[in-house]
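Step one of this worksheet: look at the structure below.
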Ligand SMILES: [Zn+2]
């Protein structure tokens, strides 16, 4: 069913796919993974904007779709980039910039609190509604892992094959190892030199404008902090996330990454990897302003980018809305569901005013209603969850008569749940009348009318049927 809420032109990629998640099918067919982990990385330098929330929601919804369509176990991994620069100072003599990361500025506990503050409610909400587990890993923990450091040392042995891909303008890889005394590191690393390199370790000499020269050893067994420029960091991350026979990693990225990924690919090729062993990437729609430029909070704060639309404050900082609008996460899921409903809608960009319009259009159906939970037997639950059953039948208890079009219904069976929205409600005086007027294949595609009538009368005895019966047409949103 095509969603007329959004109009999108065709594209080469959309033309090749029936469904958005079909992009994963070739890799699944080729590698036959036992599990798929959707990895979403976010800089934690301040409150998230809508674009960030959309990428994160895409990861959860993809994980959910893939689990159901391909019957493969899935989860989400959130990479918190706590190595973003928090402070930059210039050496008073050379004017060279030195930087200190969020991790070094705030320390582990405050970083943990920052992630909790900005993301915990949001991720828990997404996890609850999609039933997908997630874990959080900071860059600080990531770079300390043995496989990260082994891969980094391996890349140093091939640095001449990859340095132009990592740093196309000057061939200089930025390897930032903070000063052990003050934790500042040279931003451009032009005074950092590799002194010794073996199969197990690398010895670097770096320079601090305040504390002079210092020597650091990077190996799987040392804890000297290793901060790399963005392309290099992604090369190491993707190299260690290559297919191990069990887990396929899918990097979920904002659409602006499309351009930069060529460099990552070339560097991975330089390291000798075959592209089909490597993780795949799924690019989420990019949110742009009226000029077509990516929505940038820092440019807007500086006054060099404008947003002319109404009601736009929350778009730049969604953390308040996550806490005050109990429906925000569901609205966002509905939005991303709209975007994923057709590959033409997914593999493109959206202006923030268009996103706002789509979310508002969804809200109109939903306003004033809360999610209502309905318990249901396993066999019917399965039919709803896999989209085969789109009409639920109930008897006319007063609580059921309150259900109306636009309301969200959550079907729950043990630990599983499936969120739906009510499209239509129709009352009848008896099951016979209901089955005469409704498409019984939408109630249960596997049984005849006679079988269904007898089955439903076992569930709802005659005195209940006298209350009247209700057909509730639903559309699945997520499960
Ligand atoms: Zn220092």
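Residue numbers (this note's numbering): 33 to 511.
Even for Gly, the Cβ is constructed at its ideal location relative to N, Cα and C.
Bear in mind that the values here come from a model prediction, so they are computed numbers and not experimental data.
Residue 337 - DSSP class collapsed to helix/strand/coil: On the chain shown, position 305 is the one that residue 337 refers to. In the structure shown, residue 337 sits in coil (DSSP, three-state: anything other than H, G, I, E or B).
According to the Cβ coordinates, are residue 404 and residue 441 closer than 7 Å? Within the chain shown, the letter at position 372 stands for residue 404. Within the chain shown, the letter at position 409 stands for residue 441. In this structure, residue 404 places its C-beta atom within 7 Å of the C-beta atom of residue 441.
Looking only at its own chain, which residues have a Cβ that is under 7 Å from the Cβ of residue 455, when we skip the five neighbours before and after it? Translated into the one-based positions of the chain shown, residue 455 becomes position 423. Around residue 455: 437, 505, 506 and 507.
Cβ-based neighbour list, residue 44, same chain, cut-off 8 Å, excluding 5 preceding and 5 following: As a working note, residue 44 is residue 12 in the chain shown. Same-chain partners within the cutoff: there are none.
So is residue 400 buried or exposed if we call it buried at 16+ other beta carbons inside 10 Å? Looking up residue 400 in the chain shown gives position 368. Caution applies to residue 400, whose pLDDT of 46 falls short of 50 and renders its modelled position unreliable; the value that the coordinates give is listed next. Residue 400 is exposed by the Cβ-count criterion.
Considering only residues of the same chain and omitting the five flanking positions on each side of residue 412, which have a CB-CB separation below 7 Å? Residue 412 sits at position 380 when you count from the first residue of the chain shown. Hits under 7 Å: 421.
I need the residues with a C-beta less than 5 Å from some heavy atom of ligand 1; please give them in chain order. After applying the 5 Å Cβ criterion, the set is 211, 213, 214, 240, 242 and 243.
Determine the extent of the beta strand (DSSP E) in which residue 283 is found, giving its start and end residues. Within the chain shown, numbered from 1, the residue matching residue 283 stands at position 251. 279–286 is the extent of the beta strand (DSSP E) around residue 283.
Cα separation between residue 427 and residue 98? The count along the chain shown starts at 1 and reaches residue 427 at position 395. The count along the chain shown starts at 1 and reaches residue 98 at position 66. Going by the C-alpha atoms only, they are around 34 Å apart.
For residue 134, report the span of its beta strand (DSSP E) as first-last. Your numbering for residue 134 matches position 102 in the chain shown. Segment 134–147 is the alpha helix (DSSP H) holding residue 134; no beta strand (DSSP E) there.
Contiguous alpha helix (DSSP H) assignments of at least 4 residues, all confined to the stretch 250–320: 262–272 and 289–302
What runs of the beta strand (DSSP E), each 3 residues or longer, lie entirely inside the stretch 423–482? Within the stretch 423–482, the complete beta strand (DSSP E) runs of at least 3 residues are 423–427, 440–445 and 448–460.
When the Cα atoms are used, what is the spatial distance from residue 246 to residue 265? As a position in the chain shown, residue 246 is number 214, starting the count at 1. As a position in the chain shown, residue 265 is number 233, starting the count at 1. Taking the straight line from one Cα to the other gives about 23 Å.
Given this structure, state the Cα-to-Cα distance separating residue 335 from residue 107, to the nearest angstrom. Translated into the one-based positions of the chain shown, residue 335 becomes position 303. Translated into the one-based positions of the chain shown, residue 107 becomes position 75. Each residue's Cα considered, the two are about 39 Å apart.
Just the C-alpha distance for residue 287 and residue 48, rounded to the nearest angstrom, thanks. Your numbering for residue 287 matches position 255 in the chain shown. Your numbering for residue 48 matches position 16 in the chain shown. One C-alpha to the other measures close to 19 Å.
Using beta carbons (cut-off 7 Å, strictly below), is residue 347 in contact with chain C? Absent from the structure: chain C. Only one protein chain is present.
Residue range of the alpha helix (DSSP H) that includes residue 59: Indexing the chain shown from 1 puts residue 59 at position 27. Per DSSP, residue 59 belongs to the alpha helix (DSSP H) from 57–63.
Candidates 301, 92 and 503: which alpha carbon is nearest residue 435's? Taking the chain shown and counting its residues from 1, one reaches residue 435 at position 403. Of the listed residues, the one whose Cα sits closest to residue 435 is 503.
Contact between the stretch 111–127 and the stretch 80–94: three or more CB pairs below 8 Å? no
For the alpha helix (DSSP H) that contains residue 375, what are its first and last residues? Here residue 375 is taken as the residue at index 343 of the chain shown, counted from 1. Its alpha helix (DSSP H) spans residues 375–378.
Look at the Cβ atom of residue 71, then the Cβ atom of residue 305, and state whether they are nearer than 7 Å. Stepping through the chain shown from its first residue, residue 71 is reached at position 39. Stepping through the chain shown from its first residue, residue 305 is reached at position 273. Contact: no.
Near residue 256, what residues of its chain come up, given a Cβ to Cβ distance below 7 Å and the 5 sequence neighbours on each side ignored? As a first step, residue 256 must be located in the chain shown, where it is residue number 224. These residues qualify, in order along the chain: 209, 248, 249 and 250.
Quick one: what's got a C-beta closer than 6 Å to residue 450's C-beta in the same chain, skipping five residues either side? Within the chain shown, residue 450 is the residue found at index 418, counting from 1. Contacts found: 416, 417, 443 and 511.
When DSSP labels each residue in this structure, what does residue 497 get in the three-state scheme? Reading the chain shown from its first residue, position 465 is the one you call residue 497. It is helical.
Can you give me the C-alpha to C-alpha distance between residue 226 and residue 184, rounded to a whole angstrom? For the purposes of this step, residue 226 is taken as residue 194 along the chain shown, with counting starting at 1. For the purposes of this step, residue 184 is taken as residue 152 along the chain shown, with counting starting at 1. Taking the straight line joining both Cα atoms gives about 13 Å.
Distance between residue 361 and residue 329 (C-alpha atoms, nearest Å): By one-based count along the chain shown, residue 329 stands at place 297. By one-based count along the chain shown, residue 361 stands at place 329. Cα to Cα, the separation comes out at about 21 Å.
If contacts are defined as beta-carbon pairs under 8 Å, then residue 382 and residue 317 qualify, I think. What distance do you get, rounded to the angstrom? For the purposes of this step, residue 382 is taken as the residue at position 350 of the chain shown. For the purposes of this step, residue 317 is taken as the residue at position 285 of the chain shown. Contact flag correct, Cβ pair sits at about 5 Å.
Any chance the stretch 146–162 sits against the stretch 64–82, with 3 or more Cβ pairs inside 8 Å? yes
Nearest by alpha-carbon distance to residue 54: which of 213, 119, 195 and 375 is it? By one-based count along the chain shown, residue 54 stands at place 22. Among 213, 119, 195 and 375, the Cα nearest to that of residue 54 belongs to 375.
Checking the sheet assignment: what are the DSSP bridge partners for residue 228? For the purposes of this step, residue 228 is taken as residue 196 along the chain shown, with counting starting at 1. In DSSP, residue 228 forms a bridge with 235.
Put residue 190 into one of helix, strand or coil per three-state DSSP. Stepping through the chain shown from its first residue, residue 190 is reached at position 158. Coil at residue 190, not helix or strand.
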